[in-house]
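Following: one structure in structure tokens, then a few remarks.
In the working numbering, the protein residues as written are 635 to 923.
Below, the structure written as structure tokens:
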């Protein structure tokens, strides 16, 4: 027995033996640690993905979400792992979630945090104005956000003469919306019909446009024309902007209650500017997250 103990002591006192055993132990620990890490990373986890292509500013519903199993290594920190963080949220502006894609925290927002990008793009000091249009007046829905247009006016003067002229020039279209307020070109699969063109104007021009809008029942019509384009004037007389403004003022006398009109328009301007500021703040907050 003593001989055995002596042999064991001699064995462990041998530096070469101790070194070999140490190397074997370290390699063993590395091997098992590596295998454990690989196993953890390759173990499947269930992750929610989109069942369909989801367009910008869309409310996420249960039907749009399903679960698949993927290796844990494919799941980054910003991937949402439960429907509670997805359903009833909205896709952010200019964000399309492809079918089969995971949901990421930076592409979903609450409804109240969803900015209207058109309002955000209105230049400082201007008020957004929505010009009523149709598919026909937008040349078969061929006026797009970013296009430059002129705004023409058609009316009948005091002599019964139909006149046409350019009321606004060089206006940038910020958005094309349908009658529900959705951006027409935001969802290419929805086949939406244009109802308004949104652009920014100064307060004086906003009042002028609203006054012309109120005179619609008296035959005043506003319509867009591509910038620098020509208007067919068969049987009509072309006039300059000054004459159009004078006609708007004259038709307004006795037809529009000036005090009520000014109060209503001022309320609209303040409301639009407040919404513009809220959307800018919302976009800044989302960008900071």
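Glycine is no exception: its CB is placed at the ideal position from the N, C-alpha and C atoms.
Please confirm whether residue 745 and residue 763 have their CB atoms less than 8 Å apart.
No.
Per the DSSP calculation, residue 736 is bridged to which residue(s)?
683
Residue environment, residue 685, which counts as buried when at least 16 other CB atoms sit within 10 Å:
Exposed.
Through-space distance from residue 689 to residue 814, alpha-carbon basis
16 Å
So what's residue 628 in DSSP terms, helix, strand or just coil?
No answer is possible for residue 628: the residues shown for the chain start at 635 and end at 923.
Could you check whether the region 789 to 797 touches the region 731 to 744, counting it as contact only if at least three pairs of C-beta atoms, one from each stretch, sit closer than 8 Å?
no
For residue 906, three-class secondary structure by DSSP
helix
Here's the rule: buried if 16 or more other CB atoms are within 10 angstroms of the residue's CB, otherwise exposed. What is residue 923?
With a pLDDT of 49 at residue 923, under the threshold of 50, the modelled position of this residue cannot be trusted, and the question is left open.
Where residue 923 falls: helix, strand or coil (DSSP)
Confidence in residue 923 is poor, its pLDDT being 49 and thus under 50, which makes the residue's placement too unreliable to answer from.
Is it the case that the Cβ atoms of residue 852 and residue 885 are separated by a distance below 8 Å?
yes
Helix, strand or coil: which one does DSSP assign to residue 826?
If DSSP states are grouped into helix, strand and coil, residue 826 belongs with coil.
Taking the straight line between their C-alpha atoms, what separation do you get for residue 803 and residue 781?
12 Å
Taking contact to mean 3 or more Cβ pairs, one atom from each stretch, closer than 8 Å, check whether the region 687 to 705 and the region 805 to 825 are in contact.
yes
Leaving out five residues on either side along the sequence, give the residues of the same chain with a beta carbon under 7 Å from the beta carbon of residue 785.
765, 801, 802, 805, 856, 858
Please state the DSSP three-state secondary structure of residue 776.
Residue 776 sits in coil when the DSSP states are folded into three classes, being neither helix nor strand.
By how many angstroms is the C-alpha of residue 900 removed from the C-alpha of residue 892?
Taking C-alpha positions only, residue 892 is separated from residue 900 by approximately 12 Å.
Spatial neighbours of residue 824 within its chain, please: C-beta separation below 8 Å, excluding the five flanking residues on both sides.
689, 816
Would you kindly work out how many angstroms separate the C-alpha atoms of residue 808 and residue 715, rounded to a whole number?
36 Å
Whose C-alpha, out of 741, 753, 789, is nearest the C-alpha of residue 846?
Residue 789 holds the alpha-carbon nearest to the alpha-carbon of residue 846 among 741, 753, 789.
Beta-carbon separation of residue 741 and residue 779 under 8 Å?
no
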